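Reading through the structure tokens given below for one structure.
Number of protein chains: 6
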Amino acid sequence: MCGMTATLVLTAHPGDFVWRAGGAIALATARGQRVVIGCMSFGERGESASLWRQGYTLQQVKDHRRGEAEEAAKTLGAQIRFFDANDYPLVETPELLRGLIDLYREVQPATVLTHAPTDPYNNDHGFAHALALKARVLAQAPGVEGPGGVIGAPPVFCFEPHQPEQCGFLPNVLLDVTEVWETKCAAMRILAAQKHLHTYYTELGSRRGLQAARNSGPNLGLPNDTRAEAYMRIYPQVTRELS
Amino acid sequence: MCGMTATLVLTAHPGDFVWRAGGAIALATARGQRVVIGCMSFGERGESASLWRQGYTLQQVKDHRRGEAEEAAKTLGAQIRFFDANDYPLVETPELLRGLIDLYREVQPATVLTHAPTDPYNNDHGFAHALALKARVLAQAPGVEGPGGVIGAPPVFCFEPHQPEQCGFLPNVLLDVTEVWETKCAAMRILAAQKHLHTYYTELGSRRGLQAARNSGPNLGLPNDTRAEAYMRIYPQVTRELS
Amino acid sequence: MCGMTATLVLTAHPGDFVWRAGGAIALATARGQRVVIGCMSFGERGESASLWRQGYTLQQVKDHRRGEAEEAAKTLGAQIRFFDANDYPLVETPELLRGLIDLYREVQPATVLTHAPTDPYNNDHGFAHALALKARVLAQAPGVEGPGGVIGAPPVFCFEPHQPEQCGFLPNVLLDVTEVWETKCAAMRILAAQKHLHTYYTELGSRRGLQAARNSGPNLGLPNDTRAEAYMRIYPQVTRELS
Amino acid sequence: MCGMTATLVLTAHPGDFVWRAGGAIALATARGQRVVIGCMSFGERGESASLWRQGYTLQQVKDHRRGEAEEAAKTLGAQIRFFDANDYPLVETPELLRGLIDLYREVQPATVLTHAPTDPYNNDHGFAHALALKARVLAQAPGVEGPGGVIGAPPVFCFEPHQPEQCGFLPNVLLDVTEVWETKCAAMRILAAQKHLHTYYTELGSRRGLQAARNSGPNLGLPNDTRAEAYMRIYPQVTRELS
Amino acid sequence: MCGMTATLVLTAHPGDFVWRAGGAIALATARGQRVVIGCMSFGERGESASLWRQGYTLQQVKDHRRGEAEEAAKTLGAQIRFFDANDYPLVETPELLRGLIDLYREVQPATVLTHAPTDPYNNDHGFAHALALKARVLAQAPGVEGPGGVIGAPPVFCFEPHQPEQCGFLPNVLLDVTEVWETKCAAMRILAAQKHLHTYYTELGSRRGLQAARNSGPNLGLPNDTRAEAYMRIYPQVTRELS
Amino acid sequence: MCGMTATLVLTAHPGDFVWRAGGAIALATARGQRVVIGCMSFGERGESASLWRQGYTLQQVKDHRRGEAEEAAKTLGAQIRFFDANDYPLVETPELLRGLIDLYREVQPATVLTHAPTDPYNNDHGFAHALALKARVLAQAPGVEGPGGVIGAPPVFCFEPHQPEQCGFLPNVLLDVTEVWETKCAAMRILAAQKHLHTYYTELGSRRGLQAARNSGPNLGLPNDTRAEAYMRIYPQVTRELS
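Chains as they are written, first to last, in the working numbering: chain B, 2 to 244; chain G, 2 to 244; chain X, 2 to 244; chain W, 2 to 244; chain P, 2 to 244; chain Y, 2 to 244.
Written out as structure tokens, the structure is:
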């Protein structure tokens, strides 16, 4: 039963799941659902500029990013796994692909969150997207070996990149995260290395929230101070009701 | 309360709501919701070739199409209104626009169904789409006069055109209509003038149903013999759950 | 039999059919096929700047453009009709639409040539495209009155606009017009008002010709000095052979 | 000389030029350039909901919006003209088109600002875009009558709509407006009817500013607290330097 | 002479050529043309779920798929080659690329058929597309070593994926395969492992056939019970006649 | 200071920088700016067909192409570096990626020129584009090791491919290169192996020049005999003036 409602979040670097999907994660765990985050790398080269400037060694950078990520995941109520693939550039190795397939089969996700298909400001993001989708399809096939049963066809939602229009990101789902907004803020405060992003994502939450209010039909009727996250659904929505 | 769950279906011609949205309509009425269909024209010139070939007069064509449409709507459990604007080409008149705005405000729809944005095989379809969306926005404004209160922001779903790829139709919603499939078939049988479409839309229902099954996550778990209708959502989905 | 192979060319202004489709027209007439050109306007306001600067009156501009167009059509072996709708802006009138429908039914074209869907440098072009397609669909319907029988579903080819990339023009058909190139040149020489275009379209013929050579499979095997015109097909090609 | 650097801003409603282009206007006037704003309507029906709810008459709404707009324009250092066409829906009349052509020829703009091509939340915006571009092309033609000389080919920049991704808005120009930000804020404060937009556009200025900083090469080297406005260029940039 | 009309079909898995291109293959061989099918893998992991569930070993799966494919190819009158690269995921190896280049040069195809560029339900398909196009370009270059002469520029047609709209598949060619439909059905019956696809592709043949009829000009005049396959042409069509 | 205005040109093969960007290079060096060209390969297999047909060995082909490229670069006033990666297919190696990152950091470019994202006629071009952008992002990160300081965010311009429409090339920048046209012609004359391209690119220079004239506002006011090169900007333009 639990597996039926699990969410799998696959990211290139540790920070991504907080800034871009922290609300969705907190919302799911607040409802008692399992959320597992898989970080392909520690973002040690590409997203740790301030640590390098302080003279950290590679291992120190990794340890620091891991610590932050574990604390943020805990704040959001989620589990986290690290693949420790190299970043900048993130490359596909048989081990990484194998690990992702195994994680899909272990978690049996009902929902998958990952990066948008392209990001001209950070190639790792688009690469992680492709790899997450590739592993999902492979995990569906009985002919692909490994522990655990094959998975179904969980929907995939891309979270919002930093410069959405340049990434071909069309937000076709606006998720109301008002009720867990404080939890997301608490997780964001943990990521001290990227303080300027706090304000940015707080404002983005309001901006997407206002759009959610403006696009919500009479059934939802969201107020203007809604907080929301934007997502792009990859596969068609399958539903029993148009709403 | 009832108005909160009403569906408004706006079409260029009478047949459209049966072939393309009959399942969605039957599904809503089966759940006790109100569905109102607004037909902009009787399709008297553009979609009644067999009647013209039998020597019907213009008025006879209109009467015939009206009769069929009323019976089909009744079968689906829906109400129907006719605007009797000319078709082929359908053109915007102040009366038609006024009538559509008033209908929006009367029905206070929670969901709107209409044509896709373009159809190079039938210009009336794209025109009806534009007019339906225009009237929806106007009906939201307190400054636009007329009876009834302003409406909220109901989501809009475009139903599937006959040659979807040529119409830029990307089906991003697959609606499971299995439970009301027989009702849709009954409504289709009423439209005697276009018999070859029975087979076509029966097969399409299976084809979209199989796609729905292939895209349904573990929560829905649809079987391969599902019957479905495809829709294209225009505005972003606003939701409290990613699924 | 003759009607089965007729070509209908619908343009906003008189010059368009020479620069953009002169090769296709000459190729068809050289094979004994009928070609009828329908000019919606004389291009009197939007494409006759040099005549206005010489002090021509409106009627003189129209007469001059008509004379040129008739001579060019004759050179290409085609018939020409003028609708004398105003240009800049070209607007839809019931008379113009009626005239286009009647022309479709008279000519019973096997092939239709017209402008590309949009042209941000000349709105008349996109408007003429929309009108040509609208009239084509209306001419197919038995319920739309008028002389002549309904038409079939002739393919539509858009000829190349002056700045193709800005017009969303994707050339998916390259027509080898080498054997009638001299005829096209002769027709171009008649349009004295726009001399700078001679060189432009001569070079374009070579450029598209070289592309045709580079895209021609072993069956055609075109040489590098081929002369070609580019077209964009609107509806899917229906064929009995993939080549 | 002055005409060589004039900017023409064409909008559907009075508020648009403040929220969306106030920085560009203030920047131009701060450099001594002429800016003329043409408001097609007073936004009396579609963008004055709070006034209608207070019981204003139509004329009172118009007067109020005119007063606000004149004050905001003055604050930005720009001139303003009103066409008083009806809004919601804004429709093309010969007078409006004529007036726009005449304004182009009077101002002889070196730069044109207007709405993006489509806006599914407000049809007037897309309509105003189309009309602004249509009038620009007509004003270029010697054959189109009216006072003033023909214009050249001024570049056109679309300002940012409220929900950019839903409007197909791809921001390909980020304009640094930091030096005139306070002026824009002062103009925004005048538009009391739409107070919730103050915060929204202040945050948007920071968000676009941060993106400007991230996309600025070494020559500009903008700081992270830059304030910017996003634009979408319609025609290709013509330049003597790649930068 | 024979080589001038040869067709090369390159697929990721053995079933693809039957379901998606069986009509085109049968049509070519019925006209005495040579058709060579190159299967990159046996589809042993990704498209043999029912065999795995029956407990087959890897080699047994491969042997079974090979046997079926050889029989289906024979039924269609075509030759078949197997590259035995691994599937799920299919990856590029120097041997596979080398083999494809050599096959191009041996066959000297006048026409190439392969997968569409992307398929979010099966990454092997998009990968096979990219590889087929890459090998085609390499086979054109005198500087790339290997047996056989360089090839020309054969047109490439993508066959229809299972969920076309999700794969960006725009069917711009509809091939009338009515005369060989029974042959295609016979080949489909051989692929026992995927029985549910029989019905699916039979209905698709009718659906595309009806579209072909609706898009066929007066020269072809196809009846409504036409059977057709849809293709997407990658490179521009080069022709001596617009039809 | 000098580094602030340096241009880095990254190409797959030696000829590319002459045909497609020779004007931009000559324009920059004529203004005293540094231009460095990085050729990933010698184009020995894919773009040296005439040399292979003359019986050159691989080394002779490389030497010949290197000689030509050095002379052309000298004519344009630019420096040139060769990476001697294999072409046809060009593949990513750690050495090549490393070399490109180091070159970015050495040159500290204010402007980057490279290929367009895709080219279905030559896969090396799209590959070089991806690699050039990947190296640029990596060179920005302090965590990526290597000599030299990190770079800023230089704008990237794609030069025009041979068949632009088939490559998704939308020319959004037209660069006036009239003043250095003779220099570009001199460089083109050096590339004797591809003589037919001289005429082609001379005509293209005129064609793009005429488009530049037609798109130039009153400030530039270019004449009709302008010579121009077309570019596609990848990242948004950041500017302090709309023009």
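C-beta atoms are modelled at their ideal positions from N, C-alpha and C, and glycine is treated no differently.
All values reported here derive from a predicted model rather than from experimental measurement.
Quiz item: Does X:Y105 have its Cβ less than 8 Å from a Cβ in chain P?
Solution: no
Self-check item: Rounded separation between X:A50 and X:F83 - CA only
Solution: 20 Å
Quiz item: Would a check of beta-carbon distances place Y:P237 closer than 8 Å to chain W?
Solution: yes
Quiz item: Would a check of beta-carbon distances place Y:V174 closer than 8 Å to chain B?
Solution: no
Exercise. Please say whether W:V10 and W:L192 have beta carbons closer to each other than 8 Å?
Key: no
Self-check item: Member of P:R35, P:G169, P:P224, P:P155 whose CA lies at the smallest distance from the CA of P:Y122
Solution: P:G169
Quiz item: Are the beta-carbon atoms of G:P110 and G:T8 separated by less than 8 Å?
Solution: yes
Practice problem: Inspect the beta-carbon positions of P:L211 and G:Y201 and report whether they are closer than 8 Å. | Solution: yes
Quiz item: Which value, in whole angstroms, describes the spacing of the CA atoms of G:A86 and P:S244?
Solution: 36 Å
Self-check item: Inter-residue CB distance, B:T30 and B:G68 (contact presumed, cutoff 8 Å)
Solution: Not a contact, Cβ separation roughly 20 Å.
Quiz item: Taking buried to mean at least 16 other C-beta atoms within 10 Å of its own C-beta, is P:C3 buried or exposed?
Solution: With a pLDDT of 38 at P:C3, under the threshold of 50, the modelled position of this residue cannot be trusted; read the value that follows with caution. With fewer than 16 Cβ atoms within 10 Å of its Cβ, P:C3 is classed as exposed.
Quiz item: Does DSSP put G:Q141 in a helix, in a strand, or in coil?
Solution: coil
Self-check item: X:D88: first and last residue of the uninterrupted beta strand (DSSP E) it sits in
Solution: No beta strand (DSSP E) holds X:D88; DSSP gives it neither H nor E.
Exercise. Out of W:L221, W:H199, W:N220, state which residue places its alpha-carbon closest to the alpha-carbon of W:G23.
Key: W:H199
Self-check item: Beta bridge counterpart(s) of P:M233 as assigned by DSSP
Solution: P:C159
Exercise. Name, please, each residue of chain B whose Cβ falls closer than 7 Å to the Cβ of P:G169.
Key: The contacting residues do not exist; P:G169 stays about 12 Å from chain B at best.
Practice problem: State buried or exposed for Y:E183, treating a residue as buried only when at least 16 other CB atoms are found within 10 Å of its CB. | Solution: exposed
Quiz item: Which word fits Y:V108, buried or exposed, when buried means at least 16 other C-beta atoms lie within 10 angstroms of its C-beta?
Solution: buried
Quiz item: Between which two residues does the beta strand (DSSP E) containing B:L98 stretch?
Solution: First-last for B:L98: 95 to 108, but that is the alpha helix (DSSP H), not the beta strand (DSSP E).
Quiz item: Looking at P:N216 and X:Y236, is the spacing between their C-beta atoms short of 8 Å?
Solution: yes
Quiz item: How would you list, in chain order, the residues of chain P whose beta-carbon sits under 9 Å from the beta-carbon of X:F158?
Solution: L243
Practice problem: Output yes if chain P places a C-beta closer than 8 Å to the C-beta of Y:A50; else output no. | Solution: yes
Quiz prompt | Cβ-Cβ separation, G:E204 to P:E204 (assumed contact under 8 Å), whole Å | solution = 4 Å
Quiz item: Can you find at least 3 beta carbon pairs, one from the segment 151 to 163 of chain X and one from the segment 220 to 227 of chain X, that sit closer than 8 Å?
Solution: no
Quiz item: Would Y:G144 pass as a contact of B:Y89 if the rule is Cβ separation under 8 Å?
Solution: yes
Quiz item: Which partner residues of Y:C40 appear in the DSSP bridge assignment?
Solution: Y:T12, Y:F83
Quiz prompt | Whole-number beta carbon distance between X:L132 and X:L176, since they are thought to touch under 8 Å | solution = Going by Cβ atoms, the distance from X:L176 to X:L132 rounds to 24 Å, so no, they are not a contact pair.
Quiz item: Would P:A73 count as contacting chain X if we go by Cβ distances under 8 Å?
Solution: no
Quiz item: Quick one: is W:Y122 near chain G, going by C-beta distance under 8 Å?
Solution: yes
Quiz item: Closest Cβ-Cβ distance between G:C3 and chain B: below 8 Å?
Solution: Residue confidence is low: G:C3 scores 39 on pLDDT, short of 50, so the model does not pin down where it sits. Its coordinate-derived value is still stated next. No, its Cβ sits nowhere closer than 8 Å to a Cβ of chain B.
Quiz prompt | Collapsed DSSP secondary structure at Y:D177 in the structure displayed | solution = strand
Self-check item: X:M2 - DSSP class collapsed to helix/strand/coil
Solution: A caution first: X:M2 carries a pLDDT of 36, below 50, which makes its placement in the model unreliable, though a value can still be read off. It is coil, neither helix nor strand.
Quiz item: Under the three-state reduction of DSSP, which class applies to Y:A227: helix, strand or coil?
Solution: Per the sequence shown, the amino acid found at residue 227 of chain Y is Thr instead of Ala. Y:T227: coil per DSSP, three-state reduction.
Quiz item: Quick one: is B:H130 buried, meaning 16 or more other Cβ sit within 10 Å of its Cβ, or exposed?
Solution: buried
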